[in-house]
Each structure stands twice: as structure tokens, then as C-alpha cells.
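Have a look at the structure below before the remarks.
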Amino acid sequence: MKKWKAAVLAVLLCIGMVSSAQAKIDWEISNSFKAEIPVLDTAVSFDGKYVFVLSPGKVQILSNTGNLEDTLQVDPAMSTISVTGFDRAGIDNKIILSSKDSGEVQQIAYNFIVNINTAGSPWLGSATAPVSLVIFSDFQ
Numbered sequence: 113m114k115k116w117k118a119a120v121l122a123v124l125l126c127i128g129m130v131s132s133a134q135a136k137i138d139w140e141i142s143n144s145f146k147a148e149i150p151v152l153d154t155a156v157s158f159d160g161k162y163v164f165v166l167s168p169g170k171v172q173i174l175s176n177t178g179n180l181e182d183t184l185q186v187d188p189a190m191s192t193i194s195v196t197g198f199d200r201a202g203i204d205n206k207i208i209l210s211s212k213d214s215g216e217v218q219q220i221a222y223n224f225i226v227n228i229n230t231a232g233s234p235w236l237g238s239a240t241a242p243v244s245l246v247i248f249s250d251f252q
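So this is what it looks like as C-alpha cells:
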């Protein structure tokens, strides 16, 4: 009888110890902004620099602080959005849109155009000559 009571007591102690070791989460709102359009769905870039907001007929690309970077016109039937892309790993930048009603899926490939300030830099040839920077990610 004493062994049985000791076993029950041991089980109860173990249950008490397990229940007191519950996980806790420390959280806070790191940033908040109001979209200027009705929001159907959102997605965040892999690096967290951009937020993609889908509304009927539009995708707004915002910086993580809420500044509008660009707006794309899309099919108004699209209802969900997700994004892929990580340049350092060679994963193409794509916006994937889908329609819950029709089942259609669209992939939009995109790249950001960056202006490079060359004022005061040494140059050879015409200062207004077009220049393209190309990344050969499959070079071996």
C-alpha cells in the first residue's frame, strides 16, 4: 500500500513539474502602419524588407516601415498572395497570386531597379552612356 501511495505521489509531482514548465512568449508590436487600400491579403519578403499588400486589382509593395515603393496592376479576381525570392541563394523574386473563386494561379517575376549615384566619380567615355549591371548567378 505504501508503494502504491508513493507511486501516485511521484506521478502527481511529475505532472506538477511538467505543467509549471510551460513556454512563455515575450512579444511586442515592432511596427505598425495603415494601408491606403482595402487589404485582401499580405505577404512579407524573405529578408523582411518589404511588405506586399494585395487589394482588388492592385499589389502595393511597401518598405517594412510602410513607405510605398511601387504599385502593380493585377487581375481583380486574385484573392491571395505569397512571395518568394532570396538573391543570395539564387532564388528568383516572384509574387504568386491566386483566386479562390476560379482556382487560377499567376506568378509575377520582379526585380527592383536601383539608381546608383555616380556624381563626381571618374569615368571614361560619355557620361550619359547606358550601363547595365548583370549578375551571373549560375557561373561555374
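When you line the sequence shown up against the working numbering, it's residues 113 to 252, in that order. Cβ atoms here follow ideal geometry from the backbone N, Cα and C, with glycine treated the same way.
Cut-off 8 Å between Cβ atoms - residues of its own chain near residue i, not counting five sequence neighbours on either side
i, result
"S214", "A189"
Buried versus exposed, by CB contacts within 10 Å (16 or more), residue i
i, result
"F164", "buried"
"L180", "exposed"
"L236", "exposed"
"L245", "exposed"
"V195", "buried"
Rounded Cβ spacing between residue i and residue j (contact assumed at less than 8 Å)
i, j, result
"I193", "I207", "7 Å"
"A221", "N205", "7 Å"
Beta-carbon proximity check, residue i vs residue j, cutoff 7 Å
i, j, result
"V151", "V171", "no"
"N143", "G160", "no"
"G169", "F145", "no"
"S211", "S233", "no"
"V167", "I149", "The question names Val, but residue 167 is Ser in the sequence shown. Yes, the pair counts as a contact, with Cβ atoms nearer than the cut-off."
Length of the line joining the Cα atoms of residue i and residue j
i, j, result
"T154", "Y162", "11 Å"
"F158", "T240", "35 Å"
"D138", "V156", "22 Å"
"S238", "D182", "31 Å"
"I203", "A147", "28 Å"
"A201", "V217", "25 Å"
"L209", "F248", "28 Å"
"V226", "P242", "14 Å"
"K115", "A135", "33 Å"
Own chain partners of residue i with C-beta closer than 7 Å, once the 5 adjacent residues on each side are dropped
i, result
"N223", "N205"
"Q219", "K206 and I208"
Close Cβ partners of residue i (< 6 Å) along its chain, the five nearest in sequence each way excluded
i, result
"L184", "V171"
"F198", "F158"
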